[in-house]
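Q: I am attaching a structure below and will ask some questions about it afterwards.
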Amino acid sequence: MKKDKDQIKQLLVSIVGQENISGEVPDLIPYIRDSYSTMMGRNIPLPDFVVMPETVDEVQKIVLLANDYLIPIYPRSIGVNIAGSALPYKEGGIILDLKRMNKILEINEDTMTATIQPGVTWGQLRKEANKKKLDIIPIGGPYQTSPVGNHLLTNITPYSSKYHCDRAMTLKVILPNGKILRTGSWASEHGGDANPYFRYAYGPDITGMFRGSLGNFGIIVEMVERLRPVAPVEKEIAFGFKELGPCLKALQAIERLEFTRTCQVYNNILAAHLCLAPHRIKEPGEREKLLAKLPPYQLGIGLGGTEEMVALFEKITAEEAGKRGGYSVPVELELESVAKGASRAIMHMYAPLSGFAAIIGCLPITHVAEINDIVKEAVKKYDVRDPLTGEPQEHELIVIPYDRSSTVYVEQEILYDPAADRATLEPVMQCLRECYAKIVVQYGASHTIPNKTLMKMLVPSYGELLVNFKKMVDPNGIMLPGGPYSLE
Amino acid sequence: METKHLNELRENIFKCMGCGICRGVWERKDEAMCPVWATCLGFEDSTPRGRVTVAQDILDGVIDYSMPLAESLYRCTDCACCATTCDAMDLATGKPIVDVPKIVVASRMDLVENSLVPPPVRNYLKAVYVNGNPYKLPQEDRGKWAKGTEIPVFSGQDYLFYVGDVGSYDERGQKMARSVATLLIKLGISLGILGSNELSDGNDVRVVGEFGLFQHLAESNISTFKDAGVRKIISLDPHSYNAFKNHYPQFGADFEVFHYTQILDDIIRDSKLFKAKGNSIKLTYHDPCYLGRHNGLYEPPRNILNKIPGLELIEMGRNKKSAFCCGGGGGNFFTDMIGGENNSPNRIRLREALDTEAHILAVACPLCAKMFEDAIKAENLEGRLLIKDISEIVQEAIQG
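Line by line, the protein sequences give chains P and U. Heads up, the first sequence is in the working numbering, so the first residue is 81 and it goes up one at a time. Heads up, the second sequence is in the working numbering, so the first residue is 74 and it goes up one at a time.
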């Protein structure tokens, strides 16, 4: 690679143009940093180039070039990264920055889908969908993230109980060997372009192979994304609970009635952090005042339908919550922002200090209160301090049902100061490791993304299968997602 | 290489986690908010997050300042959208812990000290240094905009009306200066101007990192104001307002500072100046960054516009804290380091104004006025949308 660096640069220039490639260190530096690099140490090697293609053809040419010269590729969509998912981990190679591929190719009102490129953001898609009385299905990530990136990552998109977590219908992928693969009904050589909307065509769910694959198997250059209709009335309501157990019972009961659009449980720490984005801070001490006002646990519900339907759903929901000690939470500005953020579209970043370590597990709702206690005790045991106040920390909790509570997604966050030294961060890491060990071993809580370490430890059979699949589509081993997620 | 100014923000800089939220916008608005990000879709170092990660590596000694890096840093318009979007906040102050605009200015100060200033910025600074203004025009021409009017020279009136570089020398700015001054006088405000004794306020000189020249300008202005007996200042230009309000006090300034929209808002709040009109004219308003995000003045201009009968104020999708910059801040009005051509910030913003179906785009800053009039020409939209300063709108409403 080093020997031919100038030659390779010239070849890349011939593909994307001079202005869309750089090998300058200041241009490369921002591509090797995110919260993962901060947490795990900052010794990420520099790539050789960052390249910004605009078309499918350009991406394909770059991948073929990479195969010819055995150059690693690190693809990324919009780059709202916090977990190392797009960080290079080998010296050299190409960062493939796909943000110029930012076109919405179609919004189809009949199929309620959008065909998008990887540089399209949720916000951009929502704006265009709204023009046709459609909307994105509620998500868990910030507005600036990419639906394609989220599909590859998986764990940021389970916020809608009605529409479940899977929104990608079909894909157009540049495989690591440079070939183009289309999935679902789009795959058909006869009529595929006329009907790229149906995922479950022709046997195995190849679209699903890419979900959670984090770029190991190829670059998604186009994706047909499912949308939802905008209901005549859409409303968010919230109920407060003093205890977590009854709150979860209420969630379970309401979900089984099958009318909610979204449903989630969160604790007051998460709610406060969501409310207190910087521009909402009005005066010092606002956080304490708000925490005192917030119920310890909150059940947020999104409803939609005609006026009569929503009124009826609201009444039933209130009754179910009331039976378990829930009380209606007055929709003040801050609380409304939490409810809307969680259920209508977007949940913003969790932490007021941006450094957060996530303990994620999917498991039966039965054990949620117990794993909440595990984290609580571990935070206490390792004396993890609130990075803002220096006081003992309380962790954030959010619970979201998959498929009407058959299983729930539980995310618990421990905040830390990204500027702290390694010694200060160590208790956070120890706490994190202990929590994971317990919730996985005792409760079988599963993660949603193929973290390399977890994979080797917990699911070696899966790991072997995926590695073999990768070898098949990536014989030269050039497609490398971020360090923790590479199947290499 | 000198990194003194960046080093002063070391703790602040290393708090950044690099999530990239700062490139976009809070509260469900969809497009990139950072004007550099929106304009060029360039490499990551052109974004707020990229600037911080680069700053981290400069402080770690991994890289040095360089001319390509300087060119990237000077594209920032100091609009402060990143500072309102970042999630990392200081509970004690309610301000972002990672203050990117401050980091950019500190980097630029280092660049100036390392003599790594791109030619357009160097030419701008040289013009201010040699001529006292970026237009390279004579100092004695500074008060010419008021010629033929009855605007008096300051001699102990209640307020000094400070015009600034653009109001003094630019044709569009001069028109706005005349409009504001004559309107305020008509409404009974006692004011005077410094004419050829006025000096550049230095706001943009500070933002491009030439703190020494800024200090000289600030101290000279303060001295002139004090010698003239000035106690209260009305500023035409939000850039001047920002300098006087937030950066002159460190040199001993203790004047009361107002933007002219604050004074107008106060006067017309209870007045019956305006006659009822039958036809409704749709209008939208653009928040200048140095009035809005930097100083929190969102309501005075809106109060004025809402008071005028026959005007229907339609907000653009991005307004107040989410308003998209016109691209003229951070020295870019004079240096145009940001560029962008078809996708320049002023043209993007103009298209947003058009989306509201308004007939008038109201402004409260001479730089914004000029930026949008240029955009109208570039987009061939003459006659479709009028750019009017708030004082011009009020004048017309009073005259019926």
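Glycine included, every Cβ here is placed at the ideal spot set by N, Cα and C. As the structure is a computational prediction, the values presented were derived from the model and not from experiment.
Can you list, in chain order, the stretches of the alpha helix (DSSP H) that have 4 or more residues and sit fully within the stretch 173-217 of chain P?
A: 202-210
Q: Against chain P, does U/Ile94 count as a neighbour if the rule is that its beta carbon must be under 8 Å from one of theirs?
A: yes
Q: Which ranges would you report for the alpha helix (DSSP H) in the stretch 326-360 of chain U if only whole runs of at least 4 residues count?
A: 333-341
Q: Using 8 Å as the threshold, is the C-beta distance between P/Glu320 and P/Gln344 below it?
A: The identity of residue 320 of chain P in the sequence shown is Gly, whereas the question assumes Glu. Cβ distance not < 8 Å, so P/Gly320 and P/Gln344 don't count as in contact.
Q: Quick one: residues in its chain with C-beta nearer than 6 Å to the C-beta of U/Leu198, no 5 flanking neighbours on either side, listed in chain order?
A: Glu283
Q: Beta carbon of U/Arg96, beta carbon of P/Gln224: below 8 Å?
A: yes
Q: Can P/Tyr154 be considered in contact with the ligand GDP, in the sense that its beta carbon sits closer than 7 Å to one or more heavy atoms?
A: With respect to small molecules bound, the structure shown includes none, and the ligand GDP cannot be examined in it.
Q: Would you mind telling me which residues of chain U sit closer than 7 Å to P/Ser165, beta carbon to beta carbon, in chain order?
A: Near P/Ser165 there are no residues of chain U at all, since even the closest Cβ is about 12 Å away, more than 7 Å.
Q: Quick one: Cα of P/Cys327 to Cα of P/Ile445, how far?
A: Looking at the two C-alpha atoms, the distance is approximately 11 Å.
Q: Out of P/Lys242, P/Leu233, P/Asn275 and P/Ser241, which one is the CA nearest neighbour of P/Met249?
A: P/Asn275
Q: Of all the options P/Leu567, P/Ala503, P/Leu443 and P/Gly543, which has the alpha carbon lying nearest to the alpha carbon of P/Gln583?
A: In this structure chain P extends from 81 to 568, so residue 583 of chain P is not present and cannot be described.
Q: Does the stretch 455-470 of chain P come close enough to the stretch 545-554 of chain P to have 3 or more Cβ pairs within less than 8 Å?
A: no
Q: Give me, in chain order, the residues of the same chain whose beta-carbon lies closer than 6 Å to that of P/Thr191; leave out the 5 immediate sequence neighbours on both sides.
A: In its chain, beyond the 5 residues on either side, Tyr277 have a beta carbon closer than 6 Å to the beta carbon of P/Thr191.
Q: Which of the three DSSP states is assigned to P/Asn347 in this structure?
A: strand
Q: If we count Cβ pairs, one from each stretch, closer than 8 Å, do we get three or more for the stretch 359-378 of chain U versus the stretch 330-337 of chain U?
A: By the Cβ test, the stretch 359-378 of chain U is in contact with the stretch 330-337 of chain U, since at least three Cβ pairs between them sit closer than 8 Å.
Q: Can you name the start and end residues of the beta strand (DSSP E) that U/Phe445 belongs to?
A: Looking at the DSSP string, U/Phe445 is not in any beta strand (DSSP E); the run it does join, the alpha helix (DSSP H), is Pro439 to Ala451.
Q: So which of U/His78, U/Thr112 and U/Glu84 has the shortest CA-CA distance to U/Phe397?
A: U/Thr112
Q: With DSSP run on the structure shown, which of helix, strand or coil describes U/Lys461?
A: The three-state secondary structure of U/Lys461, taken from DSSP, is strand.
Q: Please report the residue range of the alpha helix (DSSP H) in which P/Leu567 lies.
A: First-last for P/Leu567: undefined, no H or E at that position.
Q: Would you call the CB atoms of P/Leu91 and P/Val105 closer than 8 Å?
A: Going by C-beta atoms, P/Leu91 is not nearer than 8 Å to P/Val105.
Q: Whose Cβ in chain P lies nearer than 7 Å to the Cβ of U/Leu142?
A: Taking a Cβ-Cβ threshold of 7 Å, the residues of chain P close to U/Leu142 are Pro106, in chain order.
Q: Look at the alpha carbon of P/Ala422 and the alpha carbon of U/Phe317, and state the distance between them as a whole number of angstroms.
A: Legend: pLDDT at P/Ala422 = 41, less than 50; position of this residue unreliable, value from coordinates given subsequently. Those two C-alpha atoms are separated by around 42 Å.
Q: Quick one: is P/Arg336 buried, meaning 16 or more other Cβ sit within 10 Å of its Cβ, or exposed?
A: P/Arg336 comes out exposed.
Q: Does U/Val203 pass the burial test, meaning 16 or more other C-beta atoms within 10 Å, or should it be called exposed?
A: The Cβ neighbour count for U/Val203, taken over all protein chains shown within 10 Å, is under 16; the residue is labelled exposed.
Q: Which residue comes first and which comes last in the alpha helix (DSSP H) that contains U/Tyr197?
A: Per DSSP, U/Tyr197 belongs to the alpha helix (DSSP H) from Pro192 to Asn204.
Q: Would you say U/Met74 lies against chain P (beta-carbon separation less than 8 Å)?
A: no
Q: Within 10 angstroms of the Cβ of P/Ala194, are there 16 or more other Cβ atoms? Answer buried if so, exposed if not.
A: Result: buried.
Q: By a C-beta neighbour count over all protein chains shown, 10 Å radius and 16 as the cutoff for buried, is U/Gly456 buried or exposed?
A: exposed
Q: What did DSSP end up calling P/Val253 once you bin it into helix, strand or coil?
A: In the structure shown, the three-state DSSP call for P/Val253 is strand.
Q: Which residues in the same chain as P/Asp84 place their Cβ atom closer than 8 Å to its Cβ, once the five residues preceding and following it in sequence are excluded?
A: Tyr149
Q: Would you check if there are 3 or more beta carbon pairs closer than 8 Å linking the stretch 221-234 of chain U to the stretch 439-449 of chain U?
A: no
Q: Please name the residue, chosen from U/Lys305, U/Lys299 and U/Trp110, that lies closest to U/Gly93 on a Cα-to-Cα basis.
A: U/Trp110
Q: Taking U/Glu292 as the reference, which of U/Glu271, U/Lys305, U/Pro121 and U/Glu81 has the closest Cα?
A: U/Glu271
Q: How is the alpha helix (DSSP H) around P/Lys456 delimited, first residue to last?
A: Val448 to Lys461
Q: Quick one: list the residues of chain U neighbouring P/Pro68, beta-carbon separation under 8 Å, in chain order.
A: The structure shown does not extend to residue 68 of chain P, since chain P is modelled only from 81 to 568, so the question has no answer here.
Q: Would DSSP call U/Phe397 helix, strand or coil?
A: Per DSSP, reduced to three states, the secondary structure at U/Phe397 is coil, with no helix or strand assignment.
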